[in-house]
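Colleague: Protein chains in written order, with UniProt numbering: chain A, 1 to 155; chain B, 1 to 155.
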């Protein structure tokens, strides 16, 4: 436990075993170290990033190109999972984990809304990510707003 | 495989074992059957729902009451995980799984933005969910918009 900041609180935990995830792809970004990652992705002016979808999931991308904005879920595989109180700015202004978007959380899943620039086979180019290069992908969804704006047949 | 609709495509899969989740609470809603669930939660006019956070995670709720809007992640434990092409309206207008917000996906994680009404110990009252009663909770985060609107000390 070398990465604790003052005033942080962790809890003893047993191994997580309630449900299991499958990595369905990998995210390629310019950031090789956590310190380099932006605090928050910028869908307008952030750098282009690549999302690579693995087989057999590539056919599940069908129609995704019709959305301008998609939600990306990824697994923050270097995060701590036992912190309940965190001291993000090292100031003693501590907060509960659920009042932070820190990567350190009991289930370290990141969510970002990104702008979809292009789709080329298994590769998506997007803007608005903030995660490390090599982060495992766990889901892609249409942005809930974009999705409900579309008219549906029969309505 | 009794729950396939025409034109849907599934893929053979091995057991998922890349990362493991821990259920950190349970969601209480009025909906007891998938057919009853609304297509989409309504943070303004939807019914009040309860989120119960389990120990030892209750201290991680500290400061969450300062947010009006929070993001809820949950595990859609009755979903299929092998569908790549789906036929959501039974019309033959098939779509890829990643172009749908269907519960059926390789990692069946639901995300909702909800309005936070109150916090009482381990119980949150929220509006805007659309999931089944008893759905396992996996994460709570401040809404990314609400979060970045707050001024931070030292900036």
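Glycine included, every Cβ here is placed at the ideal spot set by N, Cα and C.
All of these numbers come straight from a predicted model, not from anything done at the bench.
Assuming residue 27/A contacts residue 135/A (C-beta within less than 8 Å), just tell me the rounded distance between them.
Modeller: By 1-based counting over the first chain, the position of residue 27/A is 27. By 1-based counting over the first chain, the position of residue 135/A is 135. Indeed, because the Cβ distance is near 4 Å, the residues count as touching under 8 Å.
Colleague: Helix, strand or coil for residue 72/A? Go by DSSP, reduced to three states.
Modeller: In the first chain, counting from the first residue as 1, residue 72/A sits at position 72. Residue state, collapsed to three classes: strand.
Colleague: Buried or exposed for residue 103/B, going by 16 or more other Cβ atoms inside 10 Å?
Modeller: The count along the second chain starts at 1 and reaches residue 103/B at position 103. With 16 or more other Cβ atoms within 10 Å, it is buried.
Colleague: Could you tell me the distance, in whole angstroms, from the CA atom of residue 38/A to the CA atom of residue 74/A?
Modeller: Counting from one through the first chain, the residue named residue 38/A turns up at place 38. Counting from one through the first chain, the residue named residue 74/A turns up at place 74. Approximately 16 Å between the Cα atoms of the pair.
Colleague: Counting contacts by CB-CB distance shorter than 8 Å, is residue 141/B in contact with chain A?
Modeller: Sequence index remark: in the second chain, residue 141/B carries index 141 (1-based). Interface residue, yes.
Colleague: Is the region 46-66 of chain B touching the region 92-103 of chain A, taking contact as three or more C-beta pairs under 8 Å?
Modeller: Touching, per the Cβ criterion.
Colleague: Here's the rule: buried if 16 or more other CB atoms are within 10 angstroms of the residue's CB, otherwise exposed. What is residue 113/B?
Modeller: Along the second chain, one-based indexing puts residue 113/B at 113. Buried, because 16 or more other Cβ atoms sit within 10 Å of the Cβ of residue 113/B.
Colleague: State the Cα-Cα distance for the pair residue 78/B and residue 91/A, rounded to the nearest angstrom.
Modeller: Position 78 of the second chain, counted from the first residue, corresponds to residue 78/B. Position 91 of the first chain, counted from the first residue, corresponds to residue 91/A. In a straight line, the C-alpha of residue 78/B is about 43 Å away from that of residue 91/A.
Colleague: Is the CB-CB distance between residue 93/A and residue 22/B below 8 Å?
Modeller: The count along the first chain starts at 1 and reaches residue 93/A at position 93. The count along the second chain starts at 1 and reaches residue 22/B at position 22. No, the Cβ-Cβ distance between residue 93/A and residue 22/B is not below 8 Å.
Colleague: According to the neighbour-count rule (16 or more other Cβ atoms, all chains shown, within 10 Å of its Cβ), is residue 29/B buried or exposed?
Modeller: On the second chain, residue 29/B is found 29 positions in, with the first residue counted as 1. Answer is buried; the Cβ neighbour count reaches 16.
Colleague: Can you find a CB in chain A that lies within less than 8 Å of the CB of residue 35/B?
Modeller: Sequence index remark: in the second chain, residue 35/B carries index 35 (1-based). Output row for residue 35/B: interface = no.
Colleague: Nearest-angstrom Cα distance between residue 16/A and residue 20/B?
Modeller: As a first step, residue 16/A must be located in the first chain, where it is residue number 16. As a first step, residue 20/B must be located in the second chain, where it is residue number 20. If you take the alpha carbons of residue 16/A and residue 20/B, they lie about 6 Å apart.
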